[in-house]
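Below: one structure, written as structure tokens.
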Amino acid sequence: MGGINYTFIKSGKKLIKLAFDDILFVKGLGNYIEIFLTNDKKYIYYKALKDLISKLPDEFMRVHNSYIINLKNVDAIQDNHLMISKYKITIAKSYRTCLLNSVGKLLL
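Residue numbers are given in the numbering used here: position 59 of the sequence shown equals residue 149, and the series is strictly consecutive.
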């Protein structure tokens with residue numbers, strides 16, 4: 091993405107600018123996705139989760155078939171869950187190793 095730290099999503103007839111840092115996580119709902127933001131706002135729009143991951147910066151990771159998380163906004167990881175703000179998200183076995191490898195690189 092070369093330094094661009096925001097994106098636009100279409101909501102109704104409006105284009106809404108979102109900073110990547112403000113995105114807590116993205117939840118897949120079939121052919122729709124729900125974007126959860128740090129300000130407690132949520133946006134739902136038409137797009138498949140699998141089409142989205144390639145357009146997001148590196149700090150976004152798939153942790154479950156239904157979730158893409160922003161690693162910058164993760165508060166804690168314990169067992170098969172991670173906490174982002176007030177949300178508890180399950181980490182699927184198939185994504186766990188990749189997530190822990192990425193987190194491992196950030197350990198002090």
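Don't be surprised by glycine CBs; every beta carbon is placed ideally from N, CA and C.
These numbers were taken from a predicted model, which means no experiment stands behind them.
Could you tell me if residue i is buried or exposed, where buried requires 16 or more neighbouring beta carbons within 10 angstroms of its beta carbon?
i, result
"Y157", "buried"
"I125", "buried"
"F54", "It is not possible to answer for residue 54, since the shown part of the chain is limited to 91 through 198."
"I181", "buried"
"K178", "exposed"
"H171", "exposed"
"I143", "exposed"
"L105", "exposed"
Would you kindly report the start and end of the unbroken beta strand (DSSP E) that includes residue i?
i, result
"T180", "Y177 to T180"
"T97", "Y96 to S101"
Can you list, in chain order, the residues of its chain with a C-beta nearer than 6 Å to that of residue i? Leave out the 5 residues immediately preceding and following it.
i, result
"G118", "L139 and S156"
"M91", "With a pLDDT of 43 at M91, under the threshold of 50, the predicted position of this residue should be treated as unreliable, though the coordinate-derived value follows. Same-chain partners within the cutoff: P147."
"N163", "L114 and I174"
Can you tell me whether residue i is helix, strand or coil according to DSSP?
i, result
"N160", "strand"
"L139", "helix"
In the DSSP assignment, find the alpha helix (DSSP H) that holds residue i and state where it starts and stops.
i, result
"G194", "K183 to G194"
"K104", "It is not in any alpha helix (DSSP H) - K104 instead sits in the beta strand (DSSP E) that spans K104 to A109."
"K117", "Taken as a continuous stretch (DSSP letters only), K117 belongs to no alpha helix (DSSP H), being part of the beta strand (DSSP E) at I113 to L119."
Under 8 Å by Cβ, that's how I've got residue i and residue j pegged, so tell me the actual separation to the nearest angstrom.
i, j, result
"Y133", "S175", "Not really, about 16 Å apart at Cβ, beyond 8 Å."
Flag residue i as yes when its Cβ comes closer than 8 Å to any non-hydrogen atom of the ligand MN, and as no otherwise.
i, result
"K183", "For the ligand MN, the structure offers nothing, since it holds no ligand at all."
Give me, in chain order, the residues of the same chain whose beta-carbon lies closer than 8 Å to that of residue i; leave out the 5 immediate sequence neighbours on both sides.
i, result
"N129", "D112"
Ordered along the chain, which non-local residues of its own chain (more than five positions away) have a Cβ less than 7 Å from that of residue i?
i, result
"N95", "A109, F110 and D111"
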